[in-house]
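Beneath this line is the structure, given in structure tokens, with notes to follow.
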Amino acid sequence: MPWVIESSRFLVFCGDSRRIRQIASRAEVEFANDHLDAFLNAASDAAIHLSSFIWAAGSVGLGTCPISVVRNHIDEVSAILDLPDHVFPLAGMCVGWPERLEQLSPRLPTSITVHRDRYDDHDVHALIANCDQQRQQTRPRGEVWSAAKAAMVGRSERTHLARLLRSKRVCLDRILRIPVRGGCQCEFCSTECTARSKQTRRSGRLGRREGEGCNLLVAVV
Ligand SMILES: Cc1cc2nc3c(=O)[nH]c(=O)nc-3n(C[C@H](O)[C@H](O)[C@H](O)COP(=O)(O)O)c2cc1C
Numbered sequence: 000m001p002w003v004i005e006s007s008r009f010l011v012f013c014g015d016s017r018r019i020r021q022i023a024s025r026a027e028v029e030f031a032n033d034h035l036d037a038f039l040n041a042a043s044d045a046a047i048h049l050s051s052f053i054w055a056a057g058s059v060g061l062g063t064c065p066i067s068v069v070r071n072h073i074d075e076v077s078a079i080l081d082l083p084d085h086v087f088p089l090a091g092m093c094v095g096w097p098e099r100l101e102q103l104s105p106r107l108p109t110s111i112t113v114h115r116d117r118y119d120d121h122d123v124h125a126l127i128a129n130c131d132q133q134r135q136q137t138r139p140r141g142e143v144w145s146a147a148k149a150a151m152v153g154r155s156e157r158t159h160l161a162r163l164l165r166s167k168r169v170c171l172d173r174i175l176r177i178p179v180r181g182g183c184q185c186e187f188c189s190t191e192c193t194a195r196s197k198q199t200r201r202s203g204r205l206g207r208r209e210g211e212g213c214n215l216l217v218a219v220v
């Protein structure tokens, strides 16, 4: 990928499940969650930062291109960056001043990505065909979007990812049996919506306006 070398900066966004272990160890608490969820937490945190970075860079006119291919080379990348156990590369990011501006690619519409109350994709094929058509209008000479995506996932890649992650002591499959007392305590099951946003300074309960139902929206992007 020549753009990795050509870009003015190349960043690597890493999942870090090491620091929370250091915090626990400092408090003399045994880390009792060494299983897949620790990996998902670290990966999600890194993805949130990656997304914020793209927005921030774009707001000052910088262009970005995430590079998941760094996960094809976790061991080499870890060696170059001296990444310790429990720290793994999630994605690289080419950053630079774009040569020119182009029209934004249309994104999948919320009719595909947002589900109300329950997951429902009965109309997905028609919606994808519609989305392909819209993308063709912005880039008439470009390839058909869904065909390109299908071709991409048709190539086998990163088949050793689990082995590479395990070599960094990332635990992917320990099964813990944790009894749930008093039913589910998740925010959606409680009567009041107490979801807090990590991304704003607003605090307190997120109330409902009069007449608004409390609908569960599941965004699958
Ligand atoms: C998580 C993620 C990983 C990506 N990894 C790569 C990559 O390894 N190599 C690459 O050339 N582009 C990569 N891309 C860039 C996309 O393939 C695409 O070029 C970019 O998102 C712009 O697409 P758009 O025209 O739909 O905006 C990645 C994008 C995302 C969001």
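Quick note on numbering that gives the first Met the number 0: the sequence shown kicks off at 0 and runs consecutively.
All C-beta atoms in this analysis are idealised placements derived from N, C-alpha and C, irrespective of residue type, glycine included.
(request) In angstroms with no decimal places, state the Cα-to-Cα distance between Asn71 and His114. (result) 32 Å
(request) Grab the span of the beta strand (DSSP E) containing Asp15 for me, first residue to last. (result) 8-15
(request) Using 10 angstroms around the beta-carbon of Leu100, count the other beta-carbons present and answer buried if the total reaches 16, otherwise exposed. (result) exposed
(message) Run through the DSSP bridge pairs and tell me what Met92 is partnered with.
(response) Leu10, Pro65
(message) Are there any heavy atoms of ligand 1 lying less than 6 Å away from the beta-carbon of Val68, as far as the coordinates show?
(response) yes
(request) Ignore the nearest five residues each way along the sequence and tell me which others in Val179's own chain have a CB closer than 6 Å to its CB. (result) Here Val179 scores only 45 on pLDDT, less than 50, and its place in the model should not be relied on; the value that follows carries that caveat. None.
(message) Once DSSP output is grouped into helix, strand and coil, what is the label at His121?
(response) coil
(message) Could you pull the DSSP bridge partners for Phe87 from this structure?
(response) Gly14
(request) Assuming Ala222 and Val69 form a contact by the criterion Cβ under 8 Å, report the distance between their Cβ atoms to the nearest whole angstrom. (result) The structure shown does not extend to residue 222, since the chain is modelled only from 0 to 220, so the question has no answer here.
(request) Determine the direct distance from the alpha carbon of Lys148 to that of Cys13, and round the result to whole angstroms. (result) 25 Å
(message) Is the separation between the beta-carbon of Asp131 and that of Val143 shorter than 7 Å?
(response) yes
(request) Count the other CB atoms, across all protein chains shown, that sit within 10 Å of the CB of Cys183; report buried if there are 16 or more and exposed otherwise. (result) Model confidence at Cys183 stands at a pLDDT of 38, short of 50, so the residue's coordinates are unreliable; what they give is reported in the following sentence. Exposed.
(message) Closest to Gln102 by C-alpha separation, out of Ile47, Thr137, Ser155, would be which residue?
(response) Thr137
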